[in-house]
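Undergrad:
There are 2 protein chains.
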Amino acid sequence: MKVMVLGSDGYIGHTLTKVLLEDGHMVTGVDNYSRRGRVSIVGSNSLTPIESIMERHITLRQKYLSNYNSLNYTLGKSYIHVKEAIRSFQPECIVHLAEQPSAPWSMINNRNAAETQQENVIGTLDILWAMREVCPDAHLLKLGTMGEYGTPNCVIPEGDIPGRCIGAPTDHTQVSDCPMSGLPFPKSPGSFYHLSKVHDTHNITFACKNWGLSSTDIMQGVVYGVKVNPDENDNLTRFDYDEYFGTAINRFCAQAIIGHPLTVYGKGKQTRGFLPLKDSIQCLLLAMTNPPDKGEYRVFNQFEDIYSINTLANIVCHEASQLGLNVSIEHIPNPRKEMEEHYYLPDHNKLRKLGYHSSNIHNCIRDLLIDILPYKDRVNKEVILPVTTWE
Amino acid sequence: MKVMVLGSDGYIGHTLTKVLLEDGHMVTGVDNYSRRGRVSIVGSNSLTPIESIMERHITLRQKYLSNYNSLNYTLGKSYIHVKEAIRSFQPECIVHLAEQPSAPWSMINNRNAAETQQENVIGTLDILWAMREVCPDAHLLKLGTMGEYGTPNCVIPEGDIPGRCIGAPTDHTQVSDCPMSGLPFPKSPGSFYHLSKVHDTHNITFACKNWGLSSTDIMQGVVYGVKVNPDENDNLTRFDYDEYFGTAINRFCAQAIIGHPLTVYGKGKQTRGFLPLKDSIQCLLLAMTNPPDKGEYRVFNQFEDIYSINTLANIVCHEASQLGLNVSIEHIPNPRKEMEEHYYLPDHNKLRKLGYHSSNIHNCIRDLLIDILPYKDRVNKEVILPVTTWE
Chain A
1 MKVMVLGSDG YIGHTLTKVL LEDGHMVTGV DNYSRRGRVS IVGSNSLTPI
51 ESIMERHITL RQKYLSNYNS LNYTLGKSYI HVKEAIRSFQ PECIVHLAEQ
101 PSAPWSMINN RNAAETQQEN VIGTLDILWA MREVCPDAHL LKLGTMGEYG
151 TPNCVIPEGD IPGRCIGAPT DHTQVSDCPM SGLPFPKSPG SFYHLSKVHD
201 THNITFACKN WGLSSTDIMQ GVVYGVKVNP DENDNLTRFD YDEYFGTAIN
251 RFCAQAIIGH PLTVYGKGKQ TRGFLPLKDS IQCLLLAMTN PPDKGEYRVF
301 NQFEDIYSIN TLANIVCHEA SQLGLNVSIE HIPNPRKEME EHYYLPDHNK
351 LRKLGYHSSN IHNCIRDLLI DILPYKDRVN KEVILPVTTW E
Chain B
1001 MKVMVLGSDG YIGHTLTKVL LEDGHMVTGV DNYSRRGRVS IVGSNSLTPI
1051 ESIMERHITL RQKYLSNYNS LNYTLGKSYI HVKEAIRSFQ PECIVHLAEQ
1101 PSAPWSMINN RNAAETQQEN VIGTLDILWA MREVCPDAHL LKLGTMGEYG
1151 TPNCVIPEGD IPGRCIGAPT DHTQVSDCPM SGLPFPKSPG SFYHLSKVHD
1201 THNITFACKN WGLSSTDIMQ GVVYGVKVNP DENDNLTRFD YDEYFGTAIN
1251 RFCAQAIIGH PLTVYGKGKQ TRGFLPLKDS IQCLLLAMTN PPDKGEYRVF
1301 NQFEDIYSIN TLANIVCHEA SQLGLNVSIE HIPNPRKEME EHYYLPDHNK
1351 LRKLGYHSSN IHNCIRDLLI DILPYKDRVN KEVILPVTTW E
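Which chain is which? The protein sequence lines are A and B, in order.
Per our numbering, the first sequence runs over residues 1 to 391.
Per our numbering, the second sequence runs over residues 1001 to 1391.
1. Using a Cβ cut-off of 8 Å (strictly closer), state whether residue 81/A contacts chain B.
2. When burial is assigned at 16 or more other CB atoms within 10 Å of the CB, is residue 236/A buried or exposed?
3. If you measure from the CB of residue 1363/B, is any heavy atom of the ligand COA nearer than 7 Å?
4. With a threshold of 8 Å between beta carbons, is residue 337/A in contact with chain B?
5. Which residue wins for smallest C-alpha separation from residue 207/A, given the options 137/A, 260/A, 249/A and 34/A?
6. Please report the distance separating the alpha-carbon of residue 294/A from that of residue 215/A.
7. Does any CB atom of chain B fall closer than 8 Å to the CB of residue 230/A?
8. Along the chain, which unbroken stretches of the alpha helix (DSSP H) at least 4 residues long are found entirely within the region 1239-1308 of chain B?
9. Identify the contact partners of residue 161/A in chain B, using a Cβ-Cβ distance below 9 Å as the criterion.
10. Run through DSSP, which three-state label would residue 107/A get?
11. Going along the chain, which residues of its own chain have a beta-carbon closer than 6 Å to the beta-carbon of residue 297/A, five neighbours each way excluded?
12. With residue 1081/B and residue 1068/B assumed to form a contact (beta carbons below 8 Å), what rounded beta-carbon distance in angstroms separates them?
13. Using DSSP with H/G/I as helix, E/B as strand and the rest coil, what is residue 171/A?
14. Taking CB distances under 8 Å as the criterion, tell me whether residue 1092/B reaches chain A.
15. Does DSSP classify residue 1040/B as helix, strand or coil?
16. Determine, for residue 1126/B, whether the minimum Cβ-Cβ distance to residues of chain A falls below 8 Å.
17. Taking the straight line between their C-alpha atoms, what separation do you get for residue 227/A and residue 328/A?
18. Just curious, the alpha helix (DSSP H) that residue 68/A is in, first and last residue?
19. Among 326/A, 338/A, 353/A and 311/A, which residue has its Cα nearest to the Cα of residue 283/A?
20. For the region 1108-1137 of chain B, which residues have a beta carbon sitting closer than 7 Å to at least one beta carbon of chain A?
21. Which residues of chain B have a Cβ atom closer than 9 Å to the Cβ of residue 391/A, listed in chain order?
22. Taking the continuous beta strand (DSSP E) assigned at residue 1006/B, which residues delimit it?
23. Are at least three pairs of beta-carbons, each pair with one atom in the region 1237-1255 of chain B and one in the region 1047-1061 of chain B, less than 8 Å apart?
24. Can a CB atom of chain B be found closer than 8 Å to the CB of residue 284/A?
25. For residue 198/A, would you say it is in contact with chain B, using Cβ-to-Cβ distances shorter than 8 Å as the test?
26. Could you tell me the boundaries of the beta strand (DSSP E) in which residue 330/A lies?
27. How big is the Cα-Cα spacing for residue 1171/B and residue 1341/B?
28. So if I threshold CB-CB distances at 9 Å, which residues from the region 147-159 of chain A count as touching chain B?
29. Would residue 1189/B pass as an interface residue toward chain A - the criterion being a Cβ-Cβ separation below 8 Å?
30. Between the C-alpha atoms of residue 1291/B and residue 1131/B, what's the straight-line distance to the nearest angstrom?
31. Hey, would you say residue 263/A sits closer than 8 Å to residue 335/A, going by beta carbons?
32. Reducing DSSP to helix, strand and coil, say where residue 1029/B ends up.
33. By Cβ distance, which residues of its chain are closer than 6 Å to residue 71/A, with the 5 residues on each side in sequence left out?
34. Examine chain A for any beta-carbon lying closer than 8 Å to the beta-carbon of residue 1348/B, and answer yes or no.
35. Starting from the N-terminal side, write out each stretch of the alpha helix (DSSP H) that is 4 residues or longer and does not extend beyond the region 1181-1247 of chain B.
36. So, with DSSP's three-state summary, where would you put residue 1351/B?
What follows is the structure, encoded as structure tokens:
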């Protein structure tokens, strides 16, 4: 299969690129390497040592020859070039991982909020137009986030509002016919980053309906972990643990290996979907090999299971202590504005029906701790605690 | 009251500016005059002769002295300047009419789509950040569009999903408790322009919830007419009739005065909300003088009534024939992708409760025809028929 990976130098993008090439697919990667720059600007660095841009390119070219190519473009600012790249490569699937991925980063100031929405929304808009003009039969596999939904008091469907709505058991026991059936499920995102993904979702839905494009919009949970295969230790993907680009479990694990208390934001009863990196890759491959129909816009809620932050902190504590690490948990003021106790029940059946076998979170967290332990001296403690607040 | 009018050189903005000044309010107008340029680029011009930018400024300054000021800024591209303007003026209300307003224009090509979303979304985002930083107690009166909703098969509320949903009588007779109650009503917009307004709506909702800003999001129907007061004949606002910037009734009236058949897109059973310019101004003043609570995000569905395009064409025909004009109706292929027969029942009670007295559409259309008849030789027939299609 010919796959274009947008954001091929990123946390998931680089991992996916390698897996696709190893499986014999042709990959064109596109990246502007902004993640490296932004992590550096906030004073952090990948905990795992990663190759330079040039080294990565040479390594992959030497191993996979002409099956691999990489291009340096900034989506949303180079339409003609991106369109030409798509036209000449004619990908069967475009995996779009090239968005500014940090909620706290988008909340720092006006400039960051505007850059996030500009890059993400216009970047995706450009991909849609380019597909329409030069590659209308490709499958756009777009990474959204479970955070688009917020925490509504009803079951979150995978896609449109269903014919029958199911309310939270505490205050809506009945199942009712829904006159809004078939409309897009309402979104309640909680940051300018999450909002940018909601804007994307609306634009993609329209492009599929209006132009007959095909897309899978992945509402992905929070990803953790640093590799896909057990024998990958010599070439781990990047691993961020700072307040901006480090996500919850990754940050907890970085804290655990240096003996820093795990910092839970607020009550810690916030519940979200989570999945290990290897499950994310497994799911993306399943979506790729089971594409949507022509003109179809479909939604996958992609996560292994839902967990409260307190549960995750306890799992990290437990697995760390098994490895002889002494770890405590500390609740700190929540920098975000979010409900700290809430109903949460998102559907996630579609990927299972396609064959998704989920990993065991305990094993994955133990493996992650083992994977990053050799790099504990690289942790910069200054960047772990939150500085940016929502208000 | 101190009011900042963003888009003060536009169709509604210029009218509102004059009405506010006449009522004794202080107005700072902001515009980049892009409407003039864009109408010119598509080969058209305001049917009504309007003053040059400089003449308008001088006229208003001479009449209203220091109560009026005008600034030339492009929203979304001059954050520091816009913020400083808001900080120094300290408006009680910011009326935001400064968006690219044309659905067909946004569908011409990638560049127009991207410009529309960039200008509208980032422009509004900048206003929100500036309000938060330097004027958090102001009321943001933002012009959205009824087109954000699309044409759902249920009653469209004014605001969030209500506790009880009412379905279209044809297939959902029952009223049911709704587990999604309190979530934002789902949007199904039909162009990149309409999508930009939906993105704004999500951003504004978040800013109110997160920062405690106050906003009225006006879901406005399609506006027609060219003046507010009967004695305004010497200084009409701009009037566009081209396929891009001319809206349905205005375009029909321009066709009527030159004996061109009224061109109805498709079946003409598409139903939308409409209102005359003077009602739009009346409603904006009502919203201004009855501001939302601190931290409140509220939605007004702003239109006089709903009409099918066929009904409107018939009214224009009838009123034109009363004036001795001979007018026919012609159905042409629909350039847009939209349902041509559909259920449509939007609530619009909030403005009436504040005292909105709606005008009579027959009188308004007759007045409009009389107002523009003197300028019939200025119509450029080349720009009336649709060239841009949705597919």
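A virtual CB, placed ideally from N, CA and C, is assigned to each residue, including glycine.
TA: In terms of the structure at hand:
1. Residue 81/A sits at position 81 when you count from the first residue of the first sequence. For residue 81/A, no Cβ of chain B is located within less than 8 Å of the residue's own Cβ.
2. Stepping through the first sequence from its first residue, residue 236/A is reached at position 236. Buried is the call here.
3. What this structure holds is no ligand at all, so the ligand COA is not there to describe.
4. Start at 1 with the first residue of the first sequence, and residue 337/A comes out as number 337. So yes, residue 337/A belongs to the interface.
5. The residue you call residue 207/A lines up with position 207 of the first sequence. Of 137/A, 260/A, 249/A and 34/A, the smallest CA-CA separation from residue 207/A is found for 137/A.
6. Taking the first sequence and counting its residues from 1, the one referred to as residue 294/A is at position 294. Taking the first sequence and counting its residues from 1, the one referred to as residue 215/A is at position 215. Whole-angstrom Cα-Cα distance: 9 Å.
7. If you number the first sequence from 1, residue 230/A lands on position 230. With 8 Å as the cut-off, residue 230/A does not count as an interface residue toward chain B.
8. The alpha helix (DSSP H) runs lying completely inside the region 1239-1308 of chain B and spanning 4 residues or more are 1248-1257 and 1277-1289, given in chain order.
9. Stepping through the first sequence from its first residue, residue 161/A is reached at position 161. Simply 1180 and 1186.
10. One-based indexing of the first sequence puts residue 107/A at position 107. Here residue 107/A carries a coil assignment [DSSP, helix/strand/coil].
11. By one-based count along the first sequence, residue 297/A stands at place 297. If you ignore the 5 residues before and after residue 297/A, its C-beta comes within less than 6 Å of the C-beta of 205, 208 and 215, all in its own chain and listed in chain order.
12. In the second sequence, counting from the first residue as 1, residue 1081/B sits at position 81. In the second sequence, counting from the first residue as 1, residue 1068/B sits at position 68. The Cβ separation is near 19 Å, so there is no contact.
13. For the purposes of this step, residue 171/A is taken as the residue at position 171 of the first sequence. Annotation note: pLDDT 48 at residue 171/A (below 50); position unreliable, coordinate value reported separately. It is coil, neither helix nor strand.
14. Taking the first residue of the second sequence as position 1, residue 1092/B is located at position 92. By the rule that beta-carbons nearer than 8 Å mark a contact, residue 1092/B does not touch chain A.
15. For the purposes of this step, residue 1040/B is identified with residue 40 of the second sequence, where counting begins at 1. Helix.
16. For the purposes of this step, residue 1126/B is identified with residue 126 of the second sequence, where counting begins at 1. Closer than 8 Å to the CB of residue 1126/B there is at least one CB belonging to chain A.
17. To locate residue 227/A, count along the first sequence from 1; it is residue 227. To locate residue 328/A, count along the first sequence from 1; it is residue 328. So the alpha carbons of these two residues sit roughly 26 Å apart.
18. The residue given as residue 68/A occupies position 68 in the first sequence. Unbroken run through residue 68/A is the beta strand (DSSP E), 68-71; no alpha helix (DSSP H).
19. Reading the first sequence from its first residue, position 283 is the one you call residue 283/A. Residue 353/A is the option with its Cα nearest to residue 283/A.
20. Residues of the region 1108-1137 of chain B with a C-beta less than 7 Å from any C-beta of chain A: 1110, 1113, 1114, 1117, 1118, 1121, 1122, 1125, 1126 and 1129, listed in chain order.
21. Taking the first sequence and counting its residues from 1, one reaches residue 391/A at position 391. Chain-order list of chain B residues neighbouring residue 391/A: 1210, 1211 and 1212, by C-beta distance under 9 Å.
22. Within the second sequence, residue 1006/B is the residue found at index 6, counting from 1. Where residue 1006/B is concerned, the enclosing beta strand (DSSP E) stretches over 1002-1006.
23. Flag = yes, the region 1237-1255 of chain B and the region 1047-1061 of chain B touch.
24. To locate residue 284/A, count along the first sequence from 1; it is residue 284. So no, residue 284/A is outside the interface.
25. The residue labelled residue 198/A in the question sits at position 198 within the first sequence. Yes, residue 198/A counts as interfacial toward chain B.
26. As a first step, residue 330/A must be located in the first sequence, where it is residue number 330. It spans 329-332 - the beta strand (DSSP E) in which residue 330/A sits, taken as one unbroken run.
27. The sequence position of residue 1171/B within the second sequence is 171, counting from 1. The sequence position of residue 1341/B within the second sequence is 341, counting from 1. For residue 1171/B, the predicted model reports a pLDDT of 48, less than 50, meaning its position is unreliable; a value from the coordinates is still stated below. Those two C-alpha atoms are separated by around 15 Å.
28. Those would be 150, 152, 153, 154 and 155, in chain order.
29. Here residue 1189/B is taken as the residue at index 189 of the second sequence, counted from 1. Residue-level contact check: residue 1189/B touches chain A, since one or more beta carbons of chain A fall below 8 Å from its beta carbon.
30. The residue you call residue 1291/B lines up with position 291 of the second sequence. The residue you call residue 1131/B lines up with position 131 of the second sequence. Across the structure, residue 1291/B and residue 1131/B are spaced so that their CA atoms are roughly 16 Å apart.
31. Indexing the first sequence from 1 puts residue 263/A at position 263. Indexing the first sequence from 1 puts residue 335/A at position 335. Not closer than 8 Å, so no.
32. As a working note, residue 1029/B is residue 29 in the second sequence. The three-state reading of DSSP puts residue 1029/B in strand, counting E and B together.
33. If you number the first sequence from 1, residue 71/A lands on position 71. Here the set comprises 30 and 85.
34. Locating residue 1348/B in the second sequence gives position 348, where the first residue counts as 1. With 8 Å as the cut-off, residue 1348/B does not count as an interface residue toward chain A.
35. Entirely contained in the region 1181-1247 of chain B, the alpha helix (DSSP H) runs reaching 4 residues are, in chain order, 1192-1211.
36. The sequence position of residue 1351/B within the second sequence is 351, counting from 1. Helix at residue 1351/B.
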